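A short worksheet on the structure shown next.
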């Protein structure tokens with residue numbers, strides 16, 4: 005295996021992240037520009053556009069561990085909360101209990117039915133919502149004052165080589181033996 009091939013591997017995740025970011029940003033903005041069909045539709049595409057923008061700027065955001073934890077927590081929790089039963093939305097009328105947010109992908113009542121397209125859309129939505137949560141956590145962390153604890157060094161006693169660091173070196177100790 006050549007060194008050139010080894011150097012390309014770290015850039016593949018970056019290329020995939022940038023491609024996904026442009027795709028999500030483009031789809032979100034294009035769908036918002038072509039029409040608005042209710043608050044759920046607007047929320048879905050705003051979150052998609054924000055998720056795409058965050059993927060594009062991820063190297064500048066530089067998320068912390070808390071941000072990654074918040075982002076990883078939002079997606080499954082949001083998807084799980086979306087599974088709470090509701091009968092107020094349209095579609096799949098023969099399945100009176102429709103579940104999923106923003107799109108109802110699980111129908112129960114006359115037998116369980118899963119709509120794979122809506123499930124995929126919900127997964128993308130909640131993944132983008134996790135990215136938004138990750139960015140919000142990072143912004144909050146940057147706005148908070150620094151939390152370093154001041155250290156009292158007045159009682160510190162130098163040991164070992166630290167005292168010699170302040171003593172001038174004698175010319176006899178030079179490597180070149182006095183060539184000046």
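In our numbering, the protein residues as written are 5 to 184.
A virtual CB, placed ideally from N, CA and C, is assigned to each residue, including glycine.
Fair warning: this is a prediction, and the values are worked out from it, not measured in the lab.
Could you name the residues of the same chain whose beta carbon sits closer than 7 Å to that of residue 138, not counting the 5 residues immediately before and after it, in chain order?
-> Around residue 138: 67, 71, 72, 74 and 75.
Excluding five sequence neighbours on each side, which residues of the same chain lie with their C-beta closer than 8 Å to the C-beta of residue 26?
-> Non-local beta-carbon contacts of residue 26 in its own chain, meaning distances under 8 Å to residues more than five positions away in sequence, involve 56 and 60 in chain order.
Return the CA-CA distance between residue 48 and residue 145, expressed in angstroms with no decimal places.
-> Take the alpha-carbon of residue 48 and the one of residue 145: they are about 26 Å apart.
Given residue 36 as reference, the closest of 23, 136 and 51 once Cα atoms are compared = Cα-wise, what sits closest to residue 36 is 51.
Measure how close the beta-carbons of residue 131 and residue 79 come, nearest whole angstrom, since I'm counting them as under 8 Å.
-> 5 Å
Among 150, 134, 154 and 151, nearest to residue 58 - alpha-carbon criterion | The option with the nearest alpha carbon to residue 58 is 134.
Determine the direct distance from the alpha carbon of residue 156 to that of residue 21, and round the result to whole angstroms.
-> The alpha-carbon atoms of residue 21 and residue 156 are separated by roughly 45 Å.
Local conformation of residue 118 per DSSP, three classes = strand
Sub-8 Å separation of residue 104 and residue 115 beta-carbons | Going by C-beta atoms, residue 104 is not nearer than 8 Å to residue 115.
Return the Cβ separation of residue 83 and residue 126 in integer angstroms, given the expectation that the two are a contact with Cβ distance under 8 Å.
-> 6 Å
From residue 107 to residue 128, what distance separates their C-alpha atoms?
-> 11 Å
Take the Cβ of residue 19 as the centre, count every other Cβ of all protein chains shown within 10 Å, and call the residue buried at 16 or more, exposed below.
-> exposed
Would you tell me roughly how many angstroms separate the C-alpha atoms of residue 152 and residue 54, rounded to the nearest one?
-> So the alpha carbons of these two residues sit roughly 32 Å apart.
Taking residue 32 as the reference, which of 46, 158 and 16 has the closest Cα?
-> The option with the nearest alpha carbon to residue 32 is 46.
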